[in-house]
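Just below is one structure, and these are the notes that go with it.
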Amino acid sequence: MNEATNNQILLTSRPVGTPTSNNFAIITSSIPQPNDNQLLIRTLYLSVDPYMRGRMNNQESYIPPFQLNEVLTGGVIGEVIETKSSDFQVGDVVLGHLGWQNYSVADANQVKKIDADLAPITTALGVLGMPGMTAYFGLLDIGQPQEGETVVISGAAGAVGMLVGQLAKMKGARVVGIAGSDEKIRYLIEELGFDTAINYKTTSNIQLELAKACPNGVDIYFDNVGGTISDAVLSLITQGARIPICGQISLYNSEKQDVGPRIQVQLLRKMATMKGFLVGQYTDRYEEGMTQMAQWIKEGKIKYSENIVEGLENAPKAFLGLFSGDNTGKQLVKVADC
Numbered sequence: 001m002n003e004a005t006n007n008q009i010l011l012t013s014r015p016v017g018t019p020t021s022n023n024f025a026i027i028t029s030s031i032p033q034p035n036d037n038q039l040l041i042r043t044l045y046l047s048v049d050p051y052m053r054g055r056m057n058n059q060e061s062y063i064p065p066f067q068l069n070e071v072l073t074g075g076v077i078g079e080v081i082e083t084k085s086s087d088f089q090v091g092d093v094v095l096g097h098l099g100w101q102n103y104s105v106a107d108a109n110q111v112k113k114i115d116a117d118l119a120p121i122t123t124a125l126g127v128l129g130m131p132g133m134t135a136y137f138g139l140l141d142i143g144q145p146q147e148g149e150t151v152v153i154s155g156a157a158g159a160v161g162m163l164v165g166q167l168a169k170m171k172g173a174r175v176v177g178i179a180g181s182d183e184k185i186r187y188l189i190e191e192l193g194f195d196t197a198i199n200y201k202t203t204s205n206i207q208l209e210l211a212k213a214c215p216n217g218v219d220i221y222f223d224n225v226g227g228t229i230s231d232a233v234l235s236l237i238t239q240g241a242r243i244p245i246c247g248q249i250s251l252y253n254s255e256k257q258d259v260g261p262r263i264q265v266q267l268l269r270k271m272a273t274m275k276g277f278l279v280g281q282y283t284d285r286y287e288e289g290m291t292q293m294a295q296w297i298k299e300g301k302i303k304y305s306e307n308i309v310e311g312l313e314n315a316p317k318a319f320l321g322l323f324s325g326d327n328t329g330k331q332l333v334k335v336a337d338c
């Protein structure tokens, strides 16, 4: 160990609207010590994800809120540097839900080993982790794309959206992405094979652009953003359309209740299915998803992108960047070298 102390990032106040750096603080503490059947883990990479914004509010949800003046937690890749469990050795690289800090102590049953031969270790937080499984099960289990159908994806250049588009293309669908910069639009079309994509930030009439891009309507809408973009897409759904609701990032920083079009009549007339889902519902099928996604990566059928910021102290900045569209693909923070 080179560090004599453990740097930690805390949530010190609950955001009102869009979070700022003032909601976070960095403190130092002593390096924790493992007890029986525990591991001391040195953080290598940590994940920043949009769902964390909801945990910053003091309200009931599908996952408990962060507590003030306590270490933030999320997906972490780390190296075992001390073990009191016969199941792990020093040097093992593991994945777990751990703290935003240099060192964590975890029970042996709270983490799992990462197979570095399967793919680069960072993929355990991205294409072979929560985002990849979200795309895989959300599209294939709920969306059920068929050849020739039109699939629209909002937040298409994010960690989930870019994978959804590629999976839909593999199923023979026509894929339309919605993203927020010309560079992202270029990447979706030229690198990932989307049929077309729309820059919602520069389009004066997204309803019109969507109608042009989807002349036969929208059979599947993979919703990552909610808000007015989703209103526009939902007006174009076809008979029997499927709408997996993955996220609503455009609304996460809203200070008052969102008011939008009432869509029940549209769903009824089109006999459409809208379903919210959490990737945790599919935990018992993760092995299936990971094995298949890993195979597609090896075959060159799936590409992925990672945006890596260096330094634990920059984790809050990386998190805030999610809401201004700074990242293409999975947003990670590199804390230490392996």
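Using UniProt numbering, read the sequence shown as starting at 1 and increasing by one per residue. No residue lacks a Cβ here, since even glycine has one placed at the ideal position from N, Cα and C.
Beta-bridge analysis with DSSP links glutamate 306 to Lys330. For phenylalanine 319, the closest of Gly177, Asp49 and Glu255 by C-alpha to C-alpha distance is Asp49.
Here the alpha carbons of glutamine 89 and asparagine 253 stand approximately 42 Å from one another. The Cβ atoms of leucine 72 and leucine 10 lie closer than 8 Å to each other. The Cβ neighbour count for threonine 28, taken over all protein chains shown within 10 Å, is under 16; the residue is labelled exposed. Bounds of the beta strand (DSSP E) holding threonine 43 are 38-47.
Judged by DSSP in its simplified three-state form, leucine 11 adopts strand. Annotation: the continuous beta strand (DSSP E) that includes methionine 274 extends over 273-276.
Across the structure, glycine 99 and glycine 240 are spaced so that their CA atoms are roughly 43 Å apart.
Taking C-beta separations shorter than 7 Å and ignoring five residues to either side along the sequence, the partners of leucine 125 in its chain run Tyr45, Ser47, Gly75, Ile77, Lys330 and Leu332, following chain order. In this structure, the straight-line span from the alpha carbon of lysine 184 to that of phenylalanine 222 is close to 18 Å. Cβ atoms of alanine 106 and glutamine 38 come within 8 Å of each other, at about 7 Å. The Cβ atoms of isoleucine 237 and glycine 260 do not sit closer than 8 Å to each other.
Shown here, glutamine 101 sits in a strand according to DSSP, grouped into three states. A straight-line Cα-Cα distance of about 12 Å links leucine 140 and isoleucine 243. The C-beta distance from leucine 188 to alanine 157 rounds to 6 Å, short enough to meet the 8 Å contact threshold.
In the three-state DSSP reduction, aspartate 223 falls in the strand class (E or B). Remark: C-beta atoms of threonine 5 and isoleucine 31 approach each other more closely than 8 Å. Per DSSP, reduced to three states, the secondary structure at asparagine 216 is coil, with no helix or strand assignment. Contact annotation: the region 263-276 does not touch the region 291-304, with fewer than three C-beta pairs closer than 8 Å. For glycine 289 and valine 309, the gap between their C-alpha atoms comes out near 27 Å. If you check the CB distance, glycine 132 and glycine 325 do not come in under 8 Å. As the crow flies, the alpha-carbon of asparagine 35 is around 26 Å from that of leucine 68. When secondary structure is reduced to three states using DSSP, valine 93 falls in the strand class.
Residues Val151, Gly165, Ala168, Lys169, Phe194 and Asp195 of the same chain have their beta carbon placed closer than 6 Å to that of valine 175, with the five preceding and five following residues left out of the count.
Counting along the chain, arginine 262 sits inside no alpha helix (DSSP H), nor does DSSP assign it H or E at all. Taken in chain order, the complete alpha helix (DSSP H) segments of 4 or more residues contained in the region 107-191 are 130-137, 161-170 and 182-186. Taking the C-beta atoms as reference points, isoleucine 220 is found no nearer than 8 Å to serine 250.
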